[in-house]
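A.B. asks:
Protein chains: 2
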Amino acid sequence: MASASLKSGTPQKILDSAERLLQVRGYNGFSYADIATALRVTKASLHYHFPSKADLGRRLMQRYTQNFLAALTAIDSSGADAREKLQRYVSIYSDVLANNRMCLCGMLAAEYATLPKPIRLEVIRFFDANEAWLAGVLDEGRQSKAVHFAGSAIEAARVLIAGLEGAMMLARSYGEAARFERTGRRLLAELA
Amino acid sequence: MASASLKSGTPQKILDSAERLLQVRGYNGFSYADIATALRVTKASLHYHFPSKADLGRRLMQRYTQNFLAALTAIDSSGADAREKLQRYVSIYSDVLANNRMCLCGMLAAEYATLPKPIRLEVIRFFDANEAWLAGVLDEGRQSKAVHFAGSAIEAARVLIAGLEGAMMLARSYGEAARFERTGRRLLAELA
DNA sequence: GTCTATAGGTGGATAGAC
DNA sequence: GTCTATCCACCTATAGAC
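Order-wise, the sequence lines are chains A and B.
Residue 150 in this note's numbering sits at position 150 of the first sequence, with consecutive numbering throughout.
Residue 64 in this note's numbering sits at position 64 of the second sequence, with consecutive numbering throughout.
1. Restricting to Cα atoms, I'd like to know which of B:Pro11, B:Val123, B:Gly79, B:Val96 is closest to Arg172 of chain B.
2. From Ala82 of chain A to Gly57 of chain B, what distance separates their C-alpha atoms?
3. Can we count Asn130 of chain B as close to the ligand SAH, meaning its CB is less than 7 Å from some heavy atom?
4. Can you grab the Cα-Cα spacing for the pair Ser52 of chain A / Ala70 of chain B, in whole Å?
5. Assign Ala33 of chain B to buried or exposed, taking buried as 16 or more other Cβ atoms, counted over all protein chains shown, within 10 Å of its Cβ.
6. Taking 8 Å as the CB-CB limit, is Phe127 of chain A close to chain B?
7. Classify Pro194 of chain A as helix, strand or coil using the three-state DSSP reduction.
8. Decide if Asp151 of chain A is buried, meaning its Cβ has at least 16 other Cβ atoms within 10 Å, or exposed.
9. What residue ranges within the stretch 116-156 of chain B form continuous alpha helix (DSSP H) runs of no fewer than 4 residues, ordered along the chain?
10. Between Arg186 of chain B and chain A, is any beta-carbon pair separated by less than 8 Å?
11. For Val137 of chain B versus Arg186 of chain A, is the C-beta distance shorter than 8 Å?
12. What is the DSSP secondary structure of Arg179 of chain A, counted as helix, strand or coil?
13. Give the single residue among A:Lys85, A:Ser94, A:Leu108 whose Cα lies nearest to the Cα of Leu60 of chain A.
14. Within 10 angstroms of its Cβ, does Ala189 of chain A collect 16 or more other Cβ (buried), or is it exposed?
15. Check whether chain A comes within 8 Å of Ala178 of chain B, counting only Cβ atoms and requiring the distance to be less than that.
16. Looking only at C-alpha atoms, which of B:Thr65, B:Met168, B:Ala178 sits nearest to Tyr93 of chain B?
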């Protein structure tokens, strides 16, 4: 999944910079000044494109979810079987972590209590979409006997998402991406 | 596990208030002013007991880890078998979430990139201790055939911790503690 | 669309009276 | 040990020139 947009107008560059800062430092850990410094423009210029920080955050989330869902659609179109789809899903997380970033939504979930309501809604929308997509893949895999799990697919999907988000946070704190890889493999192995 | 201290001098009250704020809003989401308002004292008074925010955070983490390890020791002394110990371990997380709080260290892990180094070290110390304790219980359970898992105990412990931390973050965002309970049960079931 | 300048508020932190 | 008063840096955000 490419986080950065193909087009690279000023709003896109601002979103790219804000996205990186947010994934590394969190919503309450970066400021317009940080973006301004990175892009060598003034804060006032940023406010022209994104009037408020809440607006910036909301549009950031919208783009992130859009890109994420596009990556999931690409997996669907690949003709991979259910197990391969799950592996590619985990790889999306790996790629984010490889850039020393947290999942944008995992970060925002931690800071949830301090977020403006529009951003909160986008975070929930992201996780709902992830659960639904994963549940579909899991059901498909169960039917083809490629995947095995007890109970409902949506519950199994939630365990996987929770495990991946948690493993990402921990691996990043330890500075050991390999921790995430090992946990990701185990989570997939439990579905074999 | 009781987060609040039995003694309740001023430093303890400050730590109690800061702990709650940090678990709900994160390290970058609360200020000395928030604590001062809650305790109806001035900010200057807080600085007398905890000169800097970094110092406050570090001592908060030290107390949290101490209380957490005491809770683990209590489980060890209870004569419970390995499976019961694991269930009680999950219950510690449930109790924290029941107060609408995140695990203090899960929160700090998300904000890791912005933390003063002394606090970072305490966060790692917490997770190391948790992994070690869990790995011990898992090995004990495997020997008594009460618990089953592939690979090393430390790896299985990491999957469990990641799953619990992630499930906590998500359940709190959705405002549905039941999400955590269901994921917790599934994570334990995978060790049956 | 980007700039300078600035408003109005809050952040962590300190000096010194009581 | 707690207070008043204050410092200075930084925050989000806006007005108005170019």
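Glycine included, every Cβ here is placed at the ideal spot set by N, Cα and C.
C.D. replies: Looking at the coordinates:
1. Nearest C-alpha to Arg172 of chain B: B:Val96.
2. So the alpha carbons of these two residues sit roughly 45 Å apart.
3. What this structure holds is no ligand at all, so the ligand SAH is not there to describe.
4. One C-alpha to the other measures close to 45 Å.
5. With fewer than 16 Cβ atoms within 10 Å of its Cβ, Ala33 of chain B is classed as exposed.
6. With 8 Å as the cut-off, Phe127 of chain A counts as an interface residue toward chain B.
7. Because chain A in this structure spans residues 1 to 192, residue 194 of chain A falls outside the shown range and cannot be described.
8. It should be noted that the sequence gives Gly, not Asp, for residue 151 of chain A. A residue is called buried when at least 16 other Cβ atoms come within 10 angstroms of its Cβ; Gly151 of chain A does not meet this threshold and is exposed.
9. 117-143, all fully within the stretch 116-156 of chain B.
10. Yes, because at least one Cβ of chain A sits closer than 8 Å to the Cβ of Arg186 of chain B.
11. Their beta carbons are not under 8 Å apart, which means Val137 of chain B does not touch Arg186 of chain A by this criterion.
12. Correct three-state label for Arg179 of chain A: helix.
13. Answer by Cα proximity: A:Leu108.
14. An exposed status is given to Ala189 of chain A, since fewer than 16 other beta-carbon atoms sit within 10 Å of its beta-carbon.
15. Taking 8 Å as the threshold, the shortest C-beta distance from Ala178 of chain B to chain A does not fall below it.
16. Nearest C-alpha to Tyr93 of chain B: B:Met168.
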